[in-house]
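Below: the structure, in structure tokens.
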Amino acid sequence: MVRVVLENIEKSFGPVKTINNLSLEVGDKEFLTLLGPSGCGKTTTLRCIAGLESVDSGRIIIEQRVVNNIPPQERDIAMVFQNYALYPFMTVRDNITFPLRLHKAPKDKVERKLKEVAEMLHITGLLDRKPKQLSGGEQQRVAIGRALIRDPKLFLMDEPFSNLDATLRVQTRSEVKRLQRELGITTIFVTHDQAEAMALSDRIVVMSKGNLLQVGTPNQVYESPVNVLVAQFMGSPPMNVLDARLQKPDKVELRDGAGGLVLVREEAKRATSIDGNNVKVGFRPEDATFSVGASEGIPAEVYVEEPSGTHMLLTLKVGDRLVKVVMPAGFKAAIGAKGGISVAEGKLHIFDANSDLRIS
Ligand SMILES: Nc1ncnc2c1ncn2[C@@H]1O[C@H](COP(=O)(O)OP(=O)(O)OP(=O)(O)O)[C@@H](O)[C@H]1O
Ligand SMILES: [Mg+2]
Numbered sequence: 001m002v003r004v005v006l007e008n009i010e011k012s013f014g015p016v017k018t019i020n021n022l023s024l025e026v027g028d029k030e031f032l033t034l035l036g037p038s039g040c041g042k043t044t045t046l047r048c049i050a051g052l053e054s055v056d057s058g059r060i061i062i063e064q065r066v067v068n069n070i071p072p073q074e075r076d077i078a079m080v081f082q083n084y085a086l087y088p089f090m091t092v093r094d095n096i097t098f099p100l101r102l103h104k105a106p107k108d109k110v111e112r113k114l115k116e117v118a119e120m121l122h123i124t125g126l127l128d129r130k131p132k133q134l135s136g137g138e139q140q141r142v143a144i145g146r147a148l149i150r151d152p153k154l155f156l157m158d159e160p161f162s163n164l165d166a167t168l169r170v171q172t173r174s175e176v177k178r179l180q181r182e183l184g185i186t187t188i189f190v191t192h193d194q195a196e197a198m199a200l201s202d203r204i205v206v207m208s209k210g211n212l213l214q215v216g217t218p219n220q221v222y223e224s225p226v227n228v229l230v231a232q233f234m235g236s237p238p239m240n241v242l243d244a245r246l247q248k249p250d251k252v253e254l255r256d257g258a259g260g261l262v263l264v265r266e267e268a269k270r271a272t273s274i275d276g277n278n279v280k281v282g283f284r285p286e287d288a289t290f291s292v293g294a295s296e297g298i299p300a301e302v303y304v305e306e307p308s309g310t311h312m313l314l315t316l317k318v319g320d321r322l323v324k325v326v327m328p329a330g331f332k333a334a335i336g337a338k339g340g341i342s343v344a345e346g347k348l349h350i351f352d353a354n355s356d357l358r359i360s
């Protein structure tokens with residue numbers, strides 16, 4: 001059972017607080033992802049867990065042991081960094097077995113573990129090559145092999161796919177997910193790519209400026225973002241957001257672009273805010289549809305169409321605002337064509353205009 005608990009972690013570099021009162025629990029065998037924009041403190045959090053950085057206050061607990069004062073090499077953690085730094089003059093075999101040889105493990109154990117790890121990562125045929133004779137994805141797998149050969153308690157990965165091209169990224173991430181499931185190693189993964197986080201994680205921790213904004217399963221974070229920032233960070237293209245006013249019991253009045261249009265919505269009924277309050281309404285591009293010539297829905301006109309093969313991404317003008325809607329691949333409409341946008345039942349998100357917090 002390898003659980004990790006962070007209790008009120010604080011970390012500053014000079015006057016700037018990089019991690020602000022961060023508390024979180026990682027379950028045994030869980031794949032947890034720290035997600036957030038550049039500079040939000042993801043790498044710093046990982047380095048604190050690994051012991052490469054000390055915390056100013058708070059406790060880090062691994063397997064019920066407070067590790068604040070335990071040096072990194074005694075924490076039994078494997079870490080794969082963004083630039084995975086293989087030893088260029090060593091073969092793949094020597095790169096992978098390095099951590100075991102360093103600890104003077106018996107030869108037969110080294111051989112056995114090497115065979116196991118190489119088979120698991122499908123690199124058995126590459127063992128005699130040097131890193132520069134490998135593709136990016138192969139190098140990546142060697143770096144993972146080197147991290148795993150010690151049977152670590154905990155696996156930390158910091159943007160491990162950032163050097164890979166788009167195709168290889170998607171391939172390698174499937175491999176990593178399978179491997180993690182197979183080995184059942186508690187894993188903390190860092191990325192700023194929301195799609196990667198969605199695809200891999202049991203739970204996602206969304207961070208911003210050293211603060212934890214939301215923790216939840218990919219679906220929870222995607223379907224019920226706690227605020228506008230999380231709503232727009234999750235999903236690509238991001239959620240559309242329009243200004244509106246709540247008209248209790250069951251209406252929202254769109255402002256700006258949509259020129260006072262009043263929508264009757266179940267979501268407005270549930271909103272925990274009072275009549276007349278300013279709100280923001282959000283909907284995801286894939287939760288809305290546009291009908292040319294329709295007089296119902298949010299009035300809009302076609303601004304531009306972008307086919308992707310699997311669907312048509314439509315950018316529409318709502319007054320002076322642009323919103324995006326995902327349409328089926330065969331959709332066609334002329335630029336300037338007018339119609340209405342309708343948002344699927346239950347798929348309108350309502351946020352308080354002042355705090356940006358979700359209210360329905
Ligand atoms: N050793 C350091 N000295 C001073 N400031 C630091 C140090 N390490 C990190 N920082 C600052 O702390 C903040 C968080 O950095 P961190 O590397 O944790 O961000 P990140 O979320 O990993 O970002 P990225 O996605 O760009 O890797 C940044 O503003 C960074 O400049
Ligand atoms: Mg980083």
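Using the working numbering, read the sequence shown as starting at 1 and increasing by one per residue.
All residues carry an ideal CB built from backbone N, CA and C; glycine is no exception.
Keep in mind the model is a prediction, meaning the values are calculated, not measured.
Residue i and residue j closer than 7 Å at C-beta
i	j	result
Ala271	Leu242	no
Val304	Ala333	no
Leu121	Arg93	no
Leu6	Ile60	yes
Leu35	Ile204	yes
Val318	Thr186	no
Leu46	Asp151	no
Val110	Leu126	no
Ile96	Arg173	no
Glu10	Ser54	no
Leu156	Ala50	yes
Ser360	Ile350	yes
Val279	Ala231	no
Gly41	Ile19	yes
Pro218	Met239	no
Ser291	Gly346	no
Asp250	Val264	yes
Val228	Pro285	no
Leu22	Leu212	yes
Ser162	Gln82	yes
Leu168	Gly137	yes
Met207	Val221	no
Arg75	Val67	yes
Pro71	Pro131	no
Ile144	Val215	no
Leu316	Glu306	no
Lys177	Pro237	no
Simplified DSSP assignment, three categories, for residue i
i	result
Gly216	strand
Val80	strand
Phe31	strand
Glu253	strand
Arg321	strand
Met327	strand
Gly282	strand
Ala294	coil
Ile9	strand
Lys332	coil
Lys17	strand
Pro363	Since the first residue shown for the chain is 1 and the last is 360, residue 363 is missing from the structure and cannot be characterised.
Ala300	strand
Val2	coil
Thr315	strand
Val226	coil
Glu53	coil
Pro72	helix
Thr289	strand
Leu22	strand
Distance between beta carbons of residue j and residue i, contact taken as under 8 Å
i	j	result
Leu348	Glu267	4 Å
Leu32	Ser308	Between Ser308 and Leu32 the Cβ distance is about 31 Å, and since that is not below 8 Å, they are no contact.
Arg385	Pro225	The chain is shown from 1 up to 360; residue 385 falls before or after that span and cannot be answered.
Asp352	Ser273	6 Å
Ala105	Leu148	The Cβ separation is near 14 Å, so there is no contact.
Extent of the continuous alpha helix (DSSP H) run through residue i
i	result
Asn95	Val92 to Leu102
Phe351	Where Phe351 is concerned, there is no enclosing alpha helix (DSSP H), although the beta strand (DSSP E) it sits in stretches over His349 to Asp352.
Ala268	Glu266 to Arg270
Leu148	Gly136 to Leu148
Host beta strand (DSSP E) of residue i (start-end)
i	result
Phe155	Leu154 to Asp158
Met234	Where Met234 is concerned, there is no enclosing beta strand (DSSP E), given that its DSSP letter is neither H nor E.
Asp243	Asn240 to Gln247
Arg59	Ser57 to Ile62
Val117	From DSSP, Val117 is part of no beta strand (DSSP E) but of the alpha helix (DSSP H) over Lys107 to Met120.
Thr49	A quick correction: the sequence has Ile, not Thr, at residue 49. Note, Ile49: premise wrong, no beta strand (DSSP E); alpha helix (DSSP H) at Lys42 to Ala50.
Gly339	Lys338 to Val343
3 or more residues per run - each beta strand (DSSP E) lying fully within the stretch 168-222: Within the stretch 168-222, the beta strand (DSSP E) runs of at least 3 residues that lie entirely inside it are, in chain order, 186-191, 203-208 and 211-216.
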